[in-house]
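Asker: One structure, as structure tokens, below. Some questions next.
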Amino acid sequence: MNHRIFKLLRLLGAPLLAAAVIFGSCTAELDSNKFSPSGGNGKGEQEVLLKLHVPGTTKPGEKGGTRAINKNVEEEIDDLYVLAFKAEADEATDTYEYWVPAKKGVDNATWTAALKVRDYNQRFIVIANALGANPNLANVIQSLKPGTLKPAIKQQLTVTLNDTEKTSGFNAKAENDHSAFTMCGQTAPTTIVAGGNINLQVSLYRIMARIQLYFGDKNGAGVANFTPTTVRLYNFNDKAQVIPAELGGKVTKTTIPAGVALQKGEARYNVVGNKLEYSIYMFETAQPANAAPNGYEKRPCLVVGGKYNGGTADKYYRVDLGTPKAGTGNKELDYLDILRNYSYEITVTKVSGEGHDTEQGALESKSANMTAEVIPWDDTEIGNIDFDGEKFLGIGTMEYRVGKMGSDNLIQKVAASTGLKWRAALLNADGQGTPDWIRFVVNGADQTEATGTGAGADTPADLKFKVTGKNAKGDRVAIMRFTAGHLQVDARVIQDDNNPVFIDIPDEVIEFDAAVDAARSFDITFGPENTTLTWEVVDGNNPITFTAKSIDGGTDGNVGVQSGTTGRKQVAANFTAQAIVGDAMGKKTATLRLIAKNDNGDITAKSVRLSQIKRTLNLPKTVVVCDGKEQMIYVDANFDWSVKMNESNTIEGHLIEPFEQNQTGTGDAGSSSPTSVIKIKTKLSQQFDTTETPIELTFTDTKTGANIKKTIRFVKGFLYDGHMYHVLQGTQQSLTAVRGGDRSLANGTTAPAGYSLPVQNFAVQLAQHTKHTLWTADVNWRIEAWNNAKTRQVSYNGAAGYTLVVGTSANGSIRLLKYAIYAQDNGLANTAVDELSMSITNVGETYNWYPTLLFKGSPTEPDLSNVRYAGMGTNAYSEVDYVNYVVDNENHVYGNAAAFPSVNLLTNGNFQFSQYNHVIYCTGKSQQKARHILWSDSKRNFRFIMKGVGTDVAGRETHYTYFVKQVW
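Start counting the sequence shown at 25; every next residue gets the next number (the numbering used here).
This is the structure:
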């Protein structure tokens, strides 16, 4: 199956359905509940109005196709429970306090609950349709223990498919025959105060995912050579966690509870009218790892049955959910996890061949002969979407309701396919003409139209608009119409006669640059008339130090500011934060709590997050080896960023492909996160060049526009023996320096860890390119000859791998000739030959001594860093040809045990040592297994001196060093 699958449409931070609404003061008292919540209905409580944003489904009035239920069923709320948590700076440490039931108000989206008055922030988790869940969630909620951390509470609240559903799939047979659509959501941190009417807004998540299937297009036009009949769902989980790990307005990953079991399922659905809508639902299900054996058989998928090309028997086709894997020509997929509250809109556009004879055959095979385009979109954040199977256009909010005072800071989210140009127009309620009371705000100017270009699902645009105040009675309605070619979505803006207490702020987060003492000023608008705005600054866990803070010139938040007779009072907030000193990376937080209350007791509250950040950004990799592949540069930053490559044209075409400017990443993701990475496509050059080209990157904080500049270096890679290497140019060095570990580079630095001298053949290739002679990784001494000596390979103290060298002339000398190798353009060559002569001389009793050396290694490849030496007397010398092992530190009948002295002949070519009676004798000679013992004679004056004299011509010889590291 060929897939053109669009990235997930996430309208980040989309406004809630009633984002601009503050409701009136009249609420009904709670009825008694059959449960007795620990919250109760008594002293110290405040009645709160809950305004729910239930996820949208599809365009109003859309009909046709097979549907078991409809959007109203998905949106219905039969019961509502509120769980209160004490809010901490780190949400994972929020602690559970109590629960209360809520009572339904005038509509499905309006509920009331009695919440406890507190002098600190709380977060409230709302759970809908708990009574009809399996098991009954209300019973579980009652058993929750106060003081439990929020992550543990989440794990305790799960639902499970019943036995029938484990086979046939989630029950959505009909409007009066379906399982509970359990939902949940969370409020922003809020302080419940006494003496007013408080409104909380909650956006809900369904715990289910939905799959919709269309043939031809979304209208069900059909595919010419195929008549669909059935769809079967395979591989779905039997269990779900009610509250997801993420509660921040979007779901990006699955939350799979413990004990979940994958169900193969027998879920079958009939297709009528080339559509299948509101029928297939499933819990969150993660894809198995690509490496899993027969993993594709366990992937969530559909098997579509139908008659192909006029045939009479059904043929079956597998449809998978995944995005095309880059560079595979749509032949391989990156599979999508099935996420809660997402609707997977699948449009089959082509059937190119006959399918399998059985459903099982299709399941066990990879997708083929059916072309499907898939658009997954998040129901929580998209109020409306239109798509044609290939391109999409979506908005965040379908309806705004604004009070008579209007608002200057309303936001509509717009997302569209990458490159798709869209246009927005303001129309009267009948779709004709332009209203004079609503305007888009584009670059600070009021406009009746706005345009934009889609940047994909992950980059929605914020379209700001404003509504002026009104004096005339009655509602007025405007249509916000978005079009892109034949795609169209509408949103309604209703301005009514309500005159609620409101607070209008331009940003929910005000940020201070921690590098300096930073002053920030921002406007706050509140009203209506006779409203008092009070405020306080609450410290975070790592609090900001403010040197100045005031609103409308006042520094006492308890006194506050009065609107008087002004319906929309605008005041300036001025805060100065003291710089963070000394921290390499620092973040501090505080919260500005705003409470507006009018003379009638109506009240509303908003919080502004105050954030102070000392921006830091580190690149774990600062050198890009151009090897013809895409390079990933991870970005470890504490802020969300976008990046531009300055003067990219200087390297594009010969070192890299054209660079994609304005790539983005997330902050606080660590040093190896795929959400914080720069991707650079490099070119492979056949020319050798170690020149590094520095390029400057400018990182911009996407929230504040502050910049940080970093430099990375680009260099050509070198291909050797099928592997890519990074080559660093060293310096001209002597053999002694190289053997001593000198790693100096031509640029004055030192070769980093992980880089080494090249092996011999690699060095020859580099010599051909550099026109230099090079040292190789093998700088060991070679032995050209041992003159005036016998050699025996022996063991030493029981360890094999040693060589014994004994002079052949009494009171004479041993002569060693040694050299090393280097690389040149036509192969390997030898250095000059160094000589080392070692002699032995009597200084005590006259005796025939033979100079003796013992070292690890063979006679031609010795380890000269630890050479043991002694004198061998006549009676032992005669047995040298038989010796197999040598020992020391062993007592002898003529003297005391002694250990071999040693010398480093690699660094000490000229030496003279005086030793007393350190001589070698032999035992076991009759067995031709002579055992040579080193000992100190205590009966005779055996005293001798050993001298060594050497040349250092090879040691001073110079060639170039290059250091290499394998890239792949």
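Glycine included, each C-beta is placed from N, C-alpha and C at the ideal position.
My output table needs one value for G163: the three-state DSSP class, helix, strand or coil.
Answerer: The question names Gly, but residue 163 is Asn in the sequence shown. N163 carries a helical assignment under DSSP once its states are collapsed to helix, strand and coil.
Asker: Whose C-beta lies closer than 7 Å to the C-beta of A291 among residues of the same chain, with five residues either side of it excluded?
Answerer: S192, G193, R256, L257
Asker: Please report the residue range of the beta strand (DSSP E) in which K445 lies.
Answerer: First-last of the beta strand (DSSP E) with K445: 445-452.
Asker: Taking a contact to mean a Cβ-Cβ separation below 7 Å, would you say N298 touches G244 in this structure?
Answerer: yes
Asker: Can you give me the C-alpha to C-alpha distance between L40 and N145, rounded to a whole angstrom?
Answerer: Per-residue confidence for L40 stands at a pLDDT of 27, beneath the threshold of 50, marking its modelled position as unreliable; the derived number appears in the next sentence. Their Cα atoms are separated by approximately 21 Å.
Asker: Over the uninterrupted beta strand (DSSP E) stretch that includes N554, give me the two end residues.
Answerer: Taken as a continuous stretch (DSSP letters only), N554 belongs to no beta strand (DSSP E), as it is neither H nor E.
Asker: Just the C-alpha distance for T82 and G379, rounded to the nearest angstrom, thanks.
Answerer: For T82, the pLDDT reaches just 33, beneath the cut-off of 50, and the residue's location in the model is therefore unreliable, although a value from the coordinates is still provided. Cα-Cα distance, rounded: 31 Å.
Asker: Counting only the same chain and skipping the five closest in sequence on each side, list residues whose C-beta sits under 7 Å from that of P84.
Answerer: Note that P84 has pLDDT 29, beneath the 50 cutoff, so the model's placement of it is unreliable and the number below is only indicative. There are no such residues.
Asker: Spatial neighbours of W992 within its chain, please: C-beta separation below 6 Å, excluding the five flanking residues on both sides.
Answerer: M748
Asker: On the CB-based measure, 16 or more other CB atoms within 10 Å of its CB, does V296 come out buried or exposed?
Answerer: By the neighbour-count rule (16 or more Cβ atoms within 10 Å), V296 is not buried but exposed.
Asker: The alpha helix (DSSP H) with K178 in it runs from where to where?
Answerer: 174-180
Asker: First and last residue of the alpha helix (DSSP H) that includes S192?
Answerer: 187-192
Asker: Whole beta strand (DSSP E) runs in the region 137-163 with 3 or more residues, listed along the chain?
Answerer: 146-152
Asker: Is DSSP giving A978 helix, strand or coil here?
Answerer: Looking at A978 - three-state DSSP - the assignment turns out to be helix.
Asker: If you draw a straight line from the alpha carbon of L185 to that of L487, how long is it in whole angstroms?
Answerer: 42 Å
Asker: How do the region 171-183 and the region 123-140 stand: do at least 3 beta-carbon pairs fall below 8 Å, yes or no?
Answerer: In the pairwise beta carbon analysis, the region 171-183 is classified as not touching the region 123-140: fewer than three pairs are separated by under 8 Å.
Asker: Taking Cβ to Cβ, would you say T421 is nearer than 7 Å to W461?
Answerer: Result no, Cβ atoms of T421 and W461 do not sit closer than 7 Å.
Asker: Quick one, are the C-beta atoms of N333 and N452 less than 7 Å apart?
Answerer: Cβ distance not < 7 Å, so N333 and N452 don't count as in contact.
Asker: What does the alpha-carbon distance come out to for the pair L286 and A386?
Answerer: If you draw a straight line from the Cα of L286 to the Cα of A386, it is about 19 Å long.
Asker: Taking the beta strand (DSSP E) that V491 falls in, what are its first and last residues?
Answerer: Counting along the chain, the beta strand (DSSP E) containing V491 begins and ends at 485-491.
Asker: Helix, strand or coil for D905 per DSSP?
Answerer: helix
Asker: Give me the DSSP bridge partner(s) of N731.
Answerer: According to DSSP, N731 shares a beta bridge with T724.
Asker: Taking 7 Å as the threshold (C-beta atoms), are A629 and T555 in contact?
Answerer: no
Asker: Taking all protein chains shown into account, do 16 or more other C-beta atoms lie within 10 angstroms of the C-beta of P324, making it buried, or fewer, making it exposed?
Answerer: buried
Asker: Say whether the region 610-620 touches the region 558-574, bearing in mind that this needs 3 or more beta-carbon pairs closer than 8 Å, one atom from each stretch.
Answerer: In this structure the region 610-620 touches the region 558-574; the number of beta carbon pairs closer than 8 Å is three or more.
Asker: Using alpha carbons as the reference points, say which of N899, F987, G979, H510 lies closest to H956.
Answerer: N899
Asker: Considering Cα atoms alone, identify which of T442, D514, Y901, K390 is closest to A448.
Answerer: Proximity to A448 across T442, D514, Y901, K390 peaks at D514, based on C-alpha coordinates.
Asker: Return yes when the Cβ of I222 is within less than 7 Å of the Cβ of I627, no when it is not.
Answerer: yes
Asker: For the putative contact between I845 and A853, defined by C-beta atoms under 8 Å, what is the C-beta separation to the nearest angstrom?
Answerer: 7 Å
Asker: Would L994 pass as a contact of G754 if the rule is Cβ separation under 7 Å?
Answerer: In the structure as shown, the chain begins at 25 and stops at 992. Residue 994 is therefore absent and cannot be evaluated.
Asker: Just tell me which of D187, E560, T640, L828 has its CA closest to the CA of D537.
Answerer: T640
Asker: Which residue wins for smallest C-alpha separation from K593, given the options D623, T571, F550?
Answerer: F550
Asker: Taking its Cβ as the centre, do 16 or more other Cβ atoms sit within 10 Å of Q990, making it buried, or is it exposed?
Answerer: exposed
Asker: If we require 4 or more residues per run, which alpha helix (DSSP H) segments fall completely within the region 561-609?
Answerer: none
Asker: Go ahead and pull the three-state DSSP assignment for T119.
Answerer: strand
Asker: Output the distance between the C-alpha atoms of H983 and E859, rounded to the nearest integer angstrom.
Answerer: Straight through space, the alpha carbons of E859 and H983 are spaced by roughly 21 Å.
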